[in-house]
Amino acid sequence: MVTRLAVRELWITFRLLALIAGFIGVGALVALLPAPLPTVMERLALGLGAASILAGALSAWSFADERARGRAAWLVTRSVSRGTLLGGWFAALASLALAGTAVAGLLGWLTASAVSLRLDAGTFATLLVGVAATVLVAIAVGLLIGTLLRGPLAVAATVAIVASLGALAWLVPGTGELVPGAAMVDLAALREGATAPVAGLRAAGAALVGAALLLVVARLVLERAEL
Amino acid sequence: MSSTPDALWSAPSLRVLRPAAVSCTVLRRGRLLDGCTLSVPVGMRLLVVGEPEESASMLIRVLAGLSRARRGRVEIAGLTDPSAGGWGRRIAHLGPEPGIPSWMTPREVLALAAELLDLSAADAARRTEQVVAWTHTRPEWLDRPVRHGGPPLIQRTALAAALLADPEVLLLDEPLRALDADERSRLLRLPGRRRTVVLASRYPASEAGLVSHVALLRGGRVAMLAAVADLEAAGLPLSVRGIDTLAERRAVAPPATDVGRPAVASQ
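Going line by line, the protein sequences match chains A and B. So for the first sequence, our numbering puts the first residue at 1; every next one is plus one. So for the second sequence, our numbering puts the first residue at 1001; every next one is plus one.
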């Protein structure tokens, strides 16, 4: 029920369109601008990183708004638990963002396979799973910040945190796949020829653990938060 | 909706004992609640006024589960469990921010509220009809987004959704301020002898006729709990100043009539 309400709220406020357009726009842009494979992959990775930041920002904005306007309180006083509230919003945002990621990935794959026939589909797919898990981290960060801060401050803090994680993965070598954003870095570096899909799976695993931890923290914080 | 049969509330023993509908013990929450202890008997209509003003709202928010007390205990209808299986569905809260999505129609809001209460379709339809009639929500408004009716319609709808549960305890925090005073008073004169109302207000005069007792929170504690009739007997108006003056007088000379009063105040 909370998920249904959240999706409708996102639709009415045009945030759903912004979220979906952010991801699909990346895929469309990559498809519409002809380039060699390295450039295509870099554009795709960079675009998905930017879309992840957008997803995090929209999550923070939506959840902070939900608290500020008393809608979260309305549900909680009707015996909807705070955990259900958080889970419902996560499910709504995650399902939309994952659908967008899948479309962007498909467009990216079609573009890349038109440029090169030797791109490994398995590696691309696992890296895309890693990217999807990173998107979940961004959403979890947004929800956590949205439980702590209000409005624009929550958005600014989320953008700063998610962008910092991406920058850390990009700029600091040797972080392995443990830092969320590593999947984007690996995707940008994907070239022709068969490669092991281990990196993508490791990045996905690390990001999923990170997202789960963030949600647990958000749940604990929300339990004490003002509604 | 109440799990307590009306016949039980009508029992002579309960009328004499007047069990507590709302009870909080040594609540602490920053400077606003500092060891606040209060017991509100079943059926009491209590106005809570605070010094500072925000403390009354904070008490309502803590009772409704929207703010967490750092320490202390809340019991409603003798239960400490705030979930739906405990007292979650025995209370309703109406605050200054109704919390209704502006894109929803009153009918959708009431359907959602009924769904959250697990009401059967027949019960939901019957109660919806009742609360729509009580709140004077015009039929032509029912299927338009509440934003089209502005704050008055949003607040009417919020009250209707709150009453849908037929709550034993109604927690009101500056409710229905968007409505004109007469209409507001009419809507808040809720029927039901066993319904307990706790109302936080910064404008006590506007609550005349709606409440039977007043409580003054000062420094985060209940400084006084008195019947509105006591204010009138003392020649004091139902205002912050009047309540404050009565509290001062009682601090100097506590009235003998306080002994045996149903509501317990102060720690």
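For glycine and all other residues, C-beta sits at the position ideal for the given N, C-alpha and C.
Measuring CB to CB, does residue i end up less than 8 Å from residue j?
{"i": "Leu1117 (chain B)", "j": "Ala1165 (chain B)", "result": "yes"}
{"i": "His1093 (chain B)", "j": "Ala1114 (chain B)", "result": "no"}
{"i": "Leu48 (chain A)", "j": "Ala104 (chain A)", "result": "yes"}
{"i": "Thr1221 (chain B)", "j": "Cys1036 (chain B)", "result": "In the sequence on display, residue 1221 (chain B) carries Arg and not Thr. The answer is yes: Cβ separation under 8 Å."}
{"i": "Ala68 (chain A)", "j": "Phe23 (chain A)", "result": "no"}
{"i": "Trp74 (chain A)", "j": "Ile1100 (chain B)", "result": "yes"}
{"i": "Gly200 (chain A)", "j": "Met184 (chain A)", "result": "no"}
{"i": "Glu1168 (chain B)", "j": "Ala1020 (chain B)", "result": "no"}
{"i": "Leu1238 (chain B)", "j": "Val76 (chain A)", "result": "no"}
{"i": "Leu93 (chain A)", "j": "Ile139 (chain A)", "result": "yes"}
{"i": "Gly235 (chain A)", "j": "Leu107 (chain A)", "result": "No answer is possible for residue 235 (chain A): it lies beyond the span of chain A, which begins at 1 and ends at 227."}
{"i": "Ala1181 (chain B)", "j": "Val1048 (chain B)", "result": "no"}
{"i": "Arg1107 (chain B)", "j": "Leu1142 (chain B)", "result": "yes"}
{"i": "Ser79 (chain A)", "j": "Val135 (chain A)", "result": "no"}
{"i": "Val1198 (chain B)", "j": "Ser1212 (chain B)", "result": "no"}
{"i": "Val141 (chain A)", "j": "Ile161 (chain A)", "result": "yes"}
{"i": "Pro180 (chain A)", "j": "Ala207 (chain A)", "result": "yes"}
{"i": "Val1214 (chain B)", "j": "Leu1190 (chain B)", "result": "no"}
{"i": "Gly122 (chain A)", "j": "Pro38 (chain A)", "result": "no"}
{"i": "Arg1073 (chain B)", "j": "Arg1028 (chain B)", "result": "no"}
{"i": "Pro1098 (chain B)", "j": "Gly70 (chain A)", "result": "yes"}
Looking at the secondary structure, which residues open and close the alpha helix (DSSP H) in which residue i lies?
{"i": "Ser1083 (chain B)", "result": "Looking at the DSSP string, Ser1083 (chain B) is not in any alpha helix (DSSP H), and its letter there is neither H nor E."}
{"i": "Ser1120 (chain B)", "result": "Careful: Ser1120 (chain B) lies outside any alpha helix (DSSP H) and carries neither H nor E."}
{"i": "Pro1152 (chain B)", "result": "Gly1150 to Leu1163"}
{"i": "Gly27 (chain A)", "result": "Arg15 to Leu32"}
{"i": "Glu9 (chain A)", "result": "Val2 to Ile12"}
{"i": "Gly70 (chain A)", "result": "From DSSP, Gly70 (chain A) is part of no alpha helix (DSSP H); its letter is neither H nor E."}
Just curious, the beta strand (DSSP E) that residue i is in, first and last residue?
{"i": "Glu1075 (chain B)", "result": "Arg1071 to Ile1076"}
{"i": "Thr1135 (chain B)", "result": "Run containing Thr1135 (chain B): none; DSSP gives neither H nor E here."}
{"i": "Leu1063 (chain B)", "result": "It is not in any beta strand (DSSP E) - Leu1063 (chain B) instead sits in the alpha helix (DSSP H) that spans Glu1054 to Ala1064."}
{"i": "Pro1175 (chain B)", "result": "That residue, Pro1175 (chain B), is in no beta strand (DSSP E); it is neither H nor E in DSSP."}
{"i": "Gly1050 (chain B)", "result": "Arg1045 to Glu1051"}
Can you tell me which of the three DSSP states residue i falls into?
{"i": "Ile1091 (chain B)", "result": "strand"}
{"i": "Val40 (chain A)", "result": "helix"}
{"i": "Gly56 (chain A)", "result": "helix"}
{"i": "Leu75 (chain A)", "result": "helix"}
{"i": "Val1026 (chain B)", "result": "strand"}
{"i": "Arg1127 (chain B)", "result": "helix"}
{"i": "Val80 (chain A)", "result": "coil"}
{"i": "Val1259 (chain B)", "result": "Any reading at Val1259 (chain B) needs caution, since the residue's pLDDT is 41, under 50, leaving its predicted position unreliable; the model's value is listed next. Coil at Val1259 (chain B), not helix or strand."}
{"i": "Gly91 (chain A)", "result": "Correcting the residue identity first, residue 91 (chain A) is Ala in this sequence and not Gly. Correct three-state label for Ala91 (chain A): helix."}
{"i": "Leu1032 (chain B)", "result": "coil"}
{"i": "Ala99 (chain A)", "result": "helix"}
{"i": "Val115 (chain A)", "result": "helix"}
{"i": "Ala1247 (chain B)", "result": "helix"}
{"i": "Leu227 (chain A)", "result": "coil"}
{"i": "Ala1265 (chain B)", "result": "Per-residue confidence for Ala1265 (chain B) stands at a pLDDT of 40, beneath the threshold of 50, marking its modelled position as unreliable; no derived number is given."}
{"i": "Pro1096 (chain B)", "result": "coil"}
{"i": "Ser1102 (chain B)", "result": "coil"}
{"i": "Ser62 (chain A)", "result": "helix"}
{"i": "Ala1021 (chain B)", "result": "strand"}
{"i": "Leu1170 (chain B)", "result": "strand"}
{"i": "Leu1038 (chain B)", "result": "strand"}
{"i": "Leu110 (chain A)", "result": "helix"}
{"i": "Ala1253 (chain B)", "result": "coil"}
{"i": "Leu222 (chain A)", "result": "helix"}
{"i": "Asp1143 (chain B)", "result": "coil"}
{"i": "Arg1068 (chain B)", "result": "coil"}
{"i": "Ala35 (chain A)", "result": "coil"}
{"i": "Asp1182 (chain B)", "result": "helix"}
Jot down the residue ranges of each uninterrupted alpha helix (DSSP H) in the region 1186-1243 of chain B, minimum 4 residues, whole runs only, in chain order. 1228-1233
Using 8 Å as the Cβ pair cut-off and three pairs as the minimum, do the region 1077-1092 of chain B and the region 1129-1136 of chain B touch? Contact check between the region 1077-1092 of chain B and the region 1129-1136 of chain B: fewer than three CB pairs, one atom from each, fall below 8 Å, which does not count as touching.
With contact counted as at least three CB pairs below 8 Å, one residue from each stretch, are the region 137-156 of chain A and the region 112-128 of chain A in contact? No contact exists between the region 137-156 of chain A and the region 112-128 of chain A.
Does the contact criterion of 3 or more C-beta pairs under 8 Å hold for the region 83-93 of chain A versus the region 29-47 of chain A? Segments in contact, no.
Unbroken stretches of the alpha helix (DSSP H), 4 residues or longer, contained in the region 127-172 of chain A: Runs found: 151-171.
What alpha helix (DSSP H) runs, 4 residues minimum, are completely inside the region 178-204 of chain A? The region 178-204 of chain A contains these whole alpha helix (DSSP H) runs: 182-188.
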